[in-house]
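Residue numbers (the working numbering), protein chains in the order written: chain A, 1166 to 1332; chain B, -15 to 310; chain C, -10 to 103; chain D, 123 to 764.
Beta carbons: idealized from backbone N, C-alpha and C, even for Gly.
As C-alpha cells, the structure follows; a few thoughts come after it.
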Amino acid sequence: MKSNKKSYKSSPSTNKKSKNIKVNDVIITSCANVVLPIAIILGAYVIMHGHLSPGGGFQGGVLIAGAVAILYVAYGSDGVRKLFNITRLKASESMGALGFIFIASLGLIYGVGGYRFFANTISKGTPGTLFSSGTIFWMNFAVGYKVLTGIGALILIMVSSLNSNKE
Amino acid sequence: MDILVYIFNILIFPGFLFCFFFGLLLSGIDRKLVARMQRRIGPPVFQPFYDFFKLIGKGHIIPRGAAKKTFMLAPIIGLLGVVIISMFIPIFGYVFIPRTADMIVILYLLTVPAVALILGGSSSGSPYSGVGISREMVTMLSYELPLVIILLAVGSKVGHSLGEIGNVTFSLSKVAEYQSKNGMLICSLSMIPAAIAFLLCIPAEVGTVPFDVAEAETEICEGPLVEYSGKYLALYKLMSAIKMFIMGSLFVALFFGGTGFGTGIKFLPLNTLLMMILVIITISISVSFLRAIVARIKVEHTLKFFWTVPTALAFVSLILTYVTTL
Amino acid sequence: MLLNYIGAFLLIVFGLYIILVKKNLIKIVVGMSLLDTGINLLLVSVGFRPGGTAPLFMNDLKPGSFFVDPVPQALTLTSIVIGACVTALALSLVIKVKEHYGTIDADKVRRLNG
Amino acid sequence: MNGYSSILPLMAIMLPFLAAFIIALTGNKALGLKRVLAVIFTFIPLLAVILLFKPIIENGHIVSYWLGNWVPEKTWAIGIGLEIDAFGLFCGLIITLTCFLSSIFSIRYMEKDNGLEKYYTMFMLLTASMIGFVFTGDLFNMYVMLEIMTFAAIGLTAFRNHKYKSIEAGFKYIVIGSLGSSLILLGTVLIYAQAHTLNIAQISAILHGNYNAVTIFALALMLTGYAVKAFLVPCHTWPADAHMSAPSSISMLLSGVMSKTGIFGIIRILYMIYRSKCVAAPSMEFLMIFWGTITMLIGASMAIIQTDFKRLLAFSSVSQIGYVIVGFGVGLSAKTSVAVTGTMGGLYHMLNHAMFKSLAFLCAGAVLYRTGTTDTTKLGGLAKKMPYTTVLFMISLASIAGMPPFNGFVSKWLIYQSTFEAGYWPVTIIALLVSVMTLAYFIKLAQSVFFGKIHKEHENIKEIPWSMRVPMIVLAAVCIFAGTFWNVISDKLIEPAAYAIYNIQGYIDVMFNKGYAQNMFNHEIPIPKMTRAMAGYWSPINWLLLFVVLIIGFIVIASLLSKGNKKESIIDLSDTKYDTFTGGEKEYFSHMAGNDLFWGLKHQFRGYFKTLKNAHSGIVNDYVLWVAACAAVVTIYLFAVL
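This is how it looks when you write it as C-alpha cells:
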C-alpha cells in the first residue's frame, strides 16, 4: 500500500493528459489482487503439466507474463518498475534459452542414439505422472521461464515507452 | 615456344606495335581525307606520329585537386584495353586467340577505353570533365544497345547455318569460317541493315563528329581530357586512334571476313594488306565522310538517334535472319 | 468443418483488406494479426479428424478411438508465437514512428520513396 | 556416415544460437568479449562448412541428421531432419563466409553505437537462422528459420533507431516481410493438407503425380512468398529502404545473403517439390525468365535515378537477383544441355553477387564511417583521402559490371549463352543492356563519391582502420579469384551444386532408404549430364595472356613515364599552373554530383523514370497491394498453364 500512496501523488498530472487510464482505482486494485495469484498459479500449472495436458511452456509463460500487464493496470508504471528490473529480466531470458539448449544437447553429451541433439536421455518415468517424459518436462520449464521473462520484459518496455511518450 | 609466339602476338604483330603504327596512320589518313573534302591541303599523313612523339617529350601537369594515381593510370588502362581487343579480331581467317566467347569479350572490352576516359576525367576534378564524362556515359549507353543487337544478328546468322547449340555463335573465328565457306556476310541481304547500323556506331564509339558530345572542344574544352597534358594526353590520343582501327577491323572481320576475299589465298602479309585497305575504306566512309559533312548533335539527340535508327536497322537484320532461316 | 474453412478464408481476406485499405499504421498491424489468425485457423482445421480425441498419451484410451493430427497443432502454436512476435515488434515500431514523424498515417510516413 | 560429419551441420546451426544467448546474458558490459564471441562463433560454422566439403563435394554423399533420433517410421518421416546436399553446402558457404567477414567488419564499424549487446545478439540469430534455413530438410522448419531471420533483420534494420529512416524502413519491412512469410506459411499448410508430412524429401516423393488445384495454389503462394524474400519485382520495395537504413555490416548480409535464401527457397520448390510439374516445363521456364528479366530491368532503371549510395546499391541488388532468376529459369528448360548452363550461370552469379555486392556495401560503410553520410550529392573526391577504399570499390565496380578478368564476367557470360541457346534472345539483349546500365550507375557512384572535388568538411578524413580493410580485401580477393580461376570454382562448387539441384533421387533416398524414390516415382529420375566443357567457359589461357599483357604493358609504360617523376619531386603545388582549368572564371566548388550525371538519359526517358519514381510511392499500402497483385497474377498464370 506504500507504493499506492506514492504514486497517488503523481497521479493528478498523469490523469490530466490521459483520461483513459485511470491509475489506482480501488476496484481495479482489489480485483487485481485477487486475479494476480490465480494467474501466476495457473501459469505455473500450465508450464508444469505441459507434457500431460494441452498447453506448455509458452502458454504458461504468457499467462504469468500477463500478470505484469495486470500489475500495470492496477498499480501504474511505478509499481511495475519497482517490482521488476529490466536488465535482470533480459538476463533471465537468456538463461532460459541457454537452459533449453543445454537440455537439448544432453543427447549430444551422453551420446545416446549416435549423438543426437534433442534426444530424450533422462529416464522417462511412468506416463501420466508429473515427473515423466524425460527431458520434455525440463524443456517446458526452460521455455516457460524464457517466455515469462521475455514477454514480461516486452510488456515492461512497452509500458515505459508509452509513459515516456506522455511526459 | 608457344609462349614466345604469344608474346610476339601481344607485343608486335596483331598487338601493340602493329596497332600503334596502323592506328596512327589511319588517324592521319582520316585527317588528310577530311581536309581534302573541305578543300584544304591538310596535314601530312604522318602528322599523328609527329604529334605523338612531340607530346611524349613534353612536360605534364597534374592539377592539385586530382586523384593522382587514377589520373595517371586511367590512360594506361584504356590503352591496354584496346591493345587486348586487337588480339581477338581475326585477320582473314588468321585467328590468334580462338575462343568461343570472343564477341562478348570484345563487347565488354570496348567499354574499357570509355571507362578509362571517364575515370581519368573524373579524377581530374575539373567541372568541364564532369560535364564531359556525363556525356560520355550517355553516349556509351546509347551505342551499346544497337551494337549488342548487331552482334546477336551476326551470331545467329552464322550459328544457324553452322548448326551451333541454340543456333548462335559468339565466336569470331566461327564467323570467319562461315564467310570463307559461304562468301562475305555483307553480300547477304539480311546483313546489310546490320552493317549500316555498325557503320553508324563507329563514330560514336571512336568519339568523332557528329557524336563527339563528350569531347566537344568548342563547348567544354575536350571534356574529360581538359586537364591532361604531355605523355598522358599522348596516350589518350593513341588510344582513340587505335580504337578507330579496332572498330574498323571489327567491321571487316564481321562483314568482309573469310579467307582473302573468298579467293582462298592464305598468306598472312597479303591478307593483312587487304584488311588494311578495307579498314581504310570503312573508316573513310563511316568516320571521315560523316565528320566532314555533319555538325555535332546534342547529347540527348545522340541517345534518341541511336535507340531509334541503328537499333531499328539492327532489329530488321535480326528478324530477317530469323525469317530466312525458318 | 466447412465453416472452419470459410472462417479462415474470411479472416485472411479481411486481414488483407485491412492492410490494403486502412491508412492507420495500428490498423495495419491489426490486419497482419488477423491474417495470421486466419492462417492458424486453417492450420488447425487441416489437422482435424471428425471424432478424434485430443492427442494426449494417456492410459485410459478406449480401443478404437483415434487422435486428431497432432502436428498441425504444434505448428499452430509455433505460428501463434511468431504472430505474437510480429505484432509486438510492429507495434513497438509504430510507437517509434509516432515519435519521429508525429503521425501514424501511412500516407505521411513516406520519406523513403522513389 | 562417419561420426563427425553428421554432427557438423548441427554445430553450425546450434553454436551461433548459443552464442546469441550468451551475448545477451552479458548485458551491456564486456564489449570486447562480445566482439570476440561474435567472431569466433561465426568462424566455427565456416569451419564446419569447410569440413563438410570432404564428404559432400569430394565423396558425393548427402549428409542427413535426424534431430532427437526420430528416424522415419516405416518410411514415414516423423521427426525434423537436417539434410545437406552440395547445393545447401554451397549456400552455406556463402552465408558463413559473409557472416564471418561481417563480424570482423563490425568490430570497428559499430564502435560509435550503443546497445551493442542487442546488435550482436540479433547478428548471431541472423547468422544461425540463415544457416538453419539452408541446412534443414523440413518445410515448416524453413518457415520458422525464415521468420527468425526476418525478425533479426528487422531488428537490425531499425537498430539505429534515432534515425527516422531506420524506423520507417523497419516498419515497411515488417509489413511486407510478414505478408511474404504468411504466404509461405499458407502454402506450407496447403501442402501439408495434401501430403500429411513436412519433410521436403517425402513431400516431393508423395506429391509426384498427385498434383491438384490445391498444390498448384500452394506453389503460387510459396513462389510469391519467396519472391518477397528474394526481392523480385514487384516485391522489391522493401530492400531499398531496409538496405539503406541498416548498418552497412548488416546491409551486406541482407543484400548479399538473405536474398540468396529466398532464391534457395524458390529452387527447392521448383526443382524438388514440384519437380515433375516445373522442370522441363516451358510455361514455368517462361514465367521465371520473364520475372527475372523484369526484375533486372526495373532494378537497374531505379538504380540509375538514385542519389543515395546504399539505396542505389540496394536497387542494384534487385537487378542482379534478376540475372540469377533468369539463370535458374533457363535451368527449367527441356533442353538439358541448355538447362545445365543456365543453372550453372545462376549458381555462379549467386556466389559472385554475394561477394561483389558485399564488397560494395562495405565500401559504402567505410564512407559512412568516415564522413557520416551516404548521400552522393554531399560527397566527392574521397579517392585522395581513402585510396584503399577507392581501389576496392573499383574492383567491385569491375566485377559487378562484368569486366573480363573479374568474376562477374564468367557468370554473366553463362547467363547470356544459356538465354540465347534457350531461344530467349530478347532476354540476352536486355541482359547485355542492363550490364551496361550497371556499369553506368556504378561509374556514377565512383565519380560522385570517390572522384571529383572534395568537400571542405571532408578535408581531414583518414583511411579506415585495418580491421575494416581486411574483410574488404578478402572479398576483393575472392572476386578476382572467382574470375581468373573459374575452373577451380566450377569444379569444386558449381558443378556439384548444379548436380545436387537435379539429383532429387539421391536427396530422397538418403532420408529414407535406397530405392524409395524410384518406388514412389515409378521410374528413375534423370539427372542431366554436366561437364564444364559444355558450358563453354572462357579458357584460362586467356587470363594468363591478359595478365602477361597487363604486366608487360605496365612495365613498358611505367618506364616511359618514370622520366618525369624526378622533375615532379621539386614542384611547387601552389603554383597557379596546378589550378583546375575553369576558363578564366574564379574557381569555386563545382562537383558533378550523382543526380546530374545522366542528364541526357534522364531527359530522354523522363516519362519512364517519372512513372517508376512515382510508382515507388513509399506508402506501405501500395507496396502490399503490389505483393498481393503479384500473388494473384502468379496464381492465375499457374492455374492457366499447369
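(request) In angstroms with no decimal places, state the Cα-to-Cα distance between valine 171 (chain D) and lysine 240 (chain D). (result) The residue labelled residue 171 (chain D) in the question sits at position 49 within the fourth sequence. The residue labelled residue 240 (chain D) in the question sits at position 118 within the fourth sequence. Roughly 27 Å between the two C-alpha positions.
(message) Could you tell me the alpha carbon to alpha carbon distance between phenylalanine 1283 (chain A) and alanine 1209 (chain A), rounded to whole angstroms?
(response) Translated into the one-based positions of the first sequence, residue 1283 (chain A) becomes position 118. Translated into the one-based positions of the first sequence, residue 1209 (chain A) becomes position 44. Spanning the two alpha carbons is a distance of roughly 24 Å.
(request) Let me know the alpha helix (DSSP H) ranges lying completely inside the segment 1242 to 1284 of chain A, each 4 residues or longer, listed in chain order. (result) 1251 to 1269, 1271 to 1275
(request) Determine the DSSP secondary structure at alanine 657 (chain D), reduced to helix, strand or coil. (result) The residue you call residue 657 (chain D) lines up with position 535 of the fourth sequence. Summary for alanine 657 (chain D): the model assigns pLDDT 47, below 50, so the residue's position carries little reliability; its value from the coordinates is reported in the next sentence. Of the three classes helix, strand and coil, the one that applies to alanine 657 (chain D) here is coil, per DSSP.
(request) Return yes when the Cβ of valine 600 (chain D) is within less than 9 Å of the Cβ of leucine 211 (chain D), no when it is not. (result) Your numbering for residue 211 (chain D) matches position 89 in the fourth sequence. Your numbering for residue 600 (chain D) matches position 478 in the fourth sequence. Going by C-beta atoms, leucine 211 (chain D) is not nearer than 9 Å to valine 600 (chain D).
(request) Find the residues of chain C that neighbour threonine 304 (chain D), judging by a C-beta separation of less than 7 Å, and give them in chain order. (result) Translated into positions along the fourth sequence, residue 304 (chain D) becomes position 182. The residue you asked about is not threonine; residue 304 (chain D) is serine in the sequence shown. Correct list: Leu24, Asp25, Ile28.
(request) Measure the Cβ-Cβ separation of isoleucine 306 (chain D) and alanine 317 (chain D) and say whether it is below 9 Å. (result) Along the fourth sequence, one-based indexing puts residue 306 (chain D) at 184. Along the fourth sequence, one-based indexing puts residue 317 (chain D) at 195. No, the Cβ-Cβ distance between isoleucine 306 (chain D) and alanine 317 (chain D) is not below 9 Å.
(message) For threonine 192 (chain B), which residues in the same chain have their Cβ closer than 7 Å to its Cβ, ignoring the five residues on either side in sequence?
(response) Position 208 of the second sequence holds residue 192 (chain B). Contacts found: Val271, Arg275.
(message) Restricting to Cα atoms, I'd like to know which of A:Gly1241, A:Ala1232, A:Val1245 is closest to valine 1191 (chain A).
(response) The count along the first sequence starts at 1 and reaches residue 1191 (chain A) at position 26. The candidate whose alpha carbon is nearest that of valine 1191 (chain A) is A:Gly1241.
(message) Distance check for leucine 257 (chain B) and phenylalanine 353 (chain D), CA to CA, integer angstroms please.
(response) Taking the first residue of the fourth sequence as 1, we reach residue 353 (chain D) at position 231. Taking the first residue of the second sequence as 1, we reach residue 257 (chain B) at position 273. Taking the straight line joining both Cα atoms gives about 55 Å.
(message) Run through the DSSP bridge pairs and tell me what glycine 203 (chain D) is partnered with.
(response) Translated into positions along the fourth sequence, residue 203 (chain D) becomes position 81. D:Trp188.
(request) For the segment 53 to 79 of chain C, enumerate the residues whose C-beta is nearer than 7 Å to any C-beta of chain A, in chain order. (result) Leu66, Val70, Ala77
(request) Note down, in chain order, each residue of its chain lying with its Cβ closer than 7 Å to the Cβ of glycine 628 (chain D), except the 5 sequence neighbours on either side. (result) Working through the fourth sequence from its first residue, we reach residue 628 (chain D) at position 506. If we look at glycine 628 (chain D) and ignore the five residues flanking it on each side, its Cβ neighbours are Ile184.
(request) Please decide whether threonine 1132 (chain A) counts as near chain D, where near means a Cβ-Cβ distance under 9 Å. (result) Here chain A has residues from 1166 to 1332 only, and residue 1132 (chain A) is not among them.
(request) With DSSP as the reference, label leucine 764 (chain D) as helix, strand or coil. (result) On the fourth sequence, position 642 is the one that residue 764 (chain D) refers to. Three-state DSSP puts leucine 764 (chain D) in coil, outside helix and strand.
(message) I'd like the list of long-range same chain contacts for threonine 1300 (chain A), defined as Cβ closer than 7 Å, with 5 residues on each side in sequence excluded.
(response) For the purposes of this step, residue 1300 (chain A) is taken as residue 135 along the first sequence, with counting starting at 1. The residues are Ile1268, Leu1271, Asn1285, Thr1286, Ile1287.
(message) If I measure Cβ to Cβ from valine 401 (chain D) and keep anything under 7 Å in the same chain, skipping five residues before and after, which residues do I get?
(response) As a working mapping, residue 401 (chain D) is identified with position 279 in the fourth sequence. For valine 401 (chain D), where only same-chain residues beyond five positions count, the Cβ hits under 7 Å are Tyr393, Leu454.
(request) May I ask you to list the residues that DSSP assigns as paired with aspartate 497 (chain D)? (result) For this step, residue 497 (chain D) is matched to residue 375 along the fourth sequence. D:Asp430, per the DSSP bridge assignment.
(message) Quick check on the DSSP output: the alpha helix (DSSP H) that includes aspartate 25 (chain C) runs from which residue to which?
(response) The sequence position of residue 25 (chain C) within the third sequence is 36, counting from 1. First-last of the alpha helix (DSSP H) with aspartate 25 (chain C): 14 to 36.
(request) Tell me, please, which residues DSSP counts as bridged to asparagine 609 (chain D). (result) Sequence index remark: in the fourth sequence, residue 609 (chain D) carries index 487 (1-based). Looking at the DSSP assignment, asparagine 609 (chain D) forms no beta bridge with any residue, so it has no partner.
(message) If we define contact as Cβ-Cβ less than 9 Å, is methionine 124 (chain B) a contact residue for chain D?
(response) Along the second sequence, read from residue 1 onward, the residue named residue 124 (chain B) stands at position 140. Yes, contact with chain D.
(request) Using three-state DSSP, classify phenylalanine -2 (chain C) as helix, strand or coil. (result) As a first step, residue -2 (chain C) is located in the third sequence; it is residue number 9 there, counting from the start. Of the three classes helix, strand and coil, the one that applies to phenylalanine -2 (chain C) here is helix, per DSSP.
(request) Give the DSSP-derived three-state secondary structure of aspartate 86 (chain B) in the structure shown. (result) Stepping through the second sequence from its first residue, residue 86 (chain B) is reached at position 102. Three-state result, aspartate 86 (chain B): helix.
(request) Give a yes or no on whether 9 Å exceeds the smallest Cβ distance from proline 1219 (chain A) to chain C. (result) As a first step, residue 1219 (chain A) is located in the first sequence; it is residue number 54 there, counting from the start. Answer yes: the Cβ-Cβ gap between proline 1219 (chain A) and chain C drops below 9 Å somewhere.
(request) Look at phenylalanine 273 (chain D) and alanine 160 (chain D) and say whether their C-beta atoms are less than 9 Å apart. (result) In the fourth sequence, counting from the first residue as 1, residue 273 (chain D) sits at position 151. In the fourth sequence, counting from the first residue as 1, residue 160 (chain D) sits at position 38. Cβ atoms of phenylalanine 273 (chain D) and alanine 160 (chain D): not closer than 9 Å.
(request) On a CA-only basis, which of D:Phe408, D:Met516, D:Lys500 is nearest glutamate 579 (chain D)? Give me that one, please. (result) Here residue 579 (chain D) refers to the residue found at position 457 when the fourth sequence is read from its first residue. Taking only the C-alpha atoms, the option nearest glutamate 579 (chain D) is D:Lys500.
(request) Would you kindly work out how many angstroms separate the C-alpha atoms of glutamate 201 (chain B) and threonine 512 (chain D), rounded to a whole number? (result) As a first step, residue 201 (chain B) must be located in the second sequence, where it is residue number 217. As a first step, residue 512 (chain D) must be located in the fourth sequence, where it is residue number 390. Answer to the nearest angstrom: the Cα atoms are 30 Å apart.
(request) Name, please, each residue of chain D whose Cβ falls closer than 8 Å to the Cβ of isoleucine 1266 (chain A). (result) Here the question's residue 1266 (chain A) lines up with position 101 in the first sequence. Those within 8 Å of isoleucine 1266 (chain A) in chain D are Met136, Phe139, Leu140, Phe143.
(request) Starting from leucine 301 (chain D), follow the alpha helix (DSSP H) in both directions and report where the run begins and ends. (result) Here residue 301 (chain D) corresponds to residue number 179 of the fourth sequence, with the count starting at 1. Counting along the chain, the alpha helix (DSSP H) containing leucine 301 (chain D) begins and ends at 286 to 317.
(request) Please report the residue range of the alpha helix (DSSP H) in which isoleucine 741 (chain D) lies. (result) Mapped onto the fourth sequence, residue 741 (chain D) falls at position 619. Segment: none, isoleucine 741 (chain D) is in no alpha helix (DSSP H) and carries neither H nor E.
(message) Please list the terminal residues of the continuous alpha helix (DSSP H) segment that includes serine 225 (chain D).
(response) Your numbering for residue 225 (chain D) matches position 103 in the fourth sequence. Start and end: 208 to 231.
(request) Drop a sphere of 10 angstroms on the beta-carbon of serine 157 (chain B), count the other beta-carbons inside from all chains shown, and report buried for 16 or more, exposed for fewer. (result) Counting from one through the second sequence, the residue named residue 157 (chain B) turns up at place 173. It is buried - the Cβ of serine 157 (chain B) has at least 16 other Cβ atoms within 10 Å.
(request) Would you kindly report the start and end of the unbroken alpha helix (DSSP H) that includes asparagine 1198 (chain A)? (result) Looking up residue 1198 (chain A) in the first sequence gives position 33. Start and end: 1191 to 1213.
(request) Mind listing the chain A neighbours of isoleucine 129 (chain D)? Cutoff is C-beta to C-beta under 7 Å, in chain order. (result) Your numbering for residue 129 (chain D) matches position 7 in the fourth sequence. The contacting residues are Tyr1280.
(message) For glycine 277 (chain D) and serine 288 (chain D), I'd like the C-alpha separation in whole angstroms.
(response) As a first step, residue 277 (chain D) must be located in the fourth sequence, where it is residue number 155. As a first step, residue 288 (chain D) must be located in the fourth sequence, where it is residue number 166. One C-alpha to the other measures close to 10 Å.
(message) Strictly below 7 Å CB to CB, what residues from chain C border leucine 307 (chain D)?
(response) Locating residue 307 (chain D) in the fourth sequence gives position 185, counting from the first residue. Those are Ile28, Ser68, listed as they occur along chain C.
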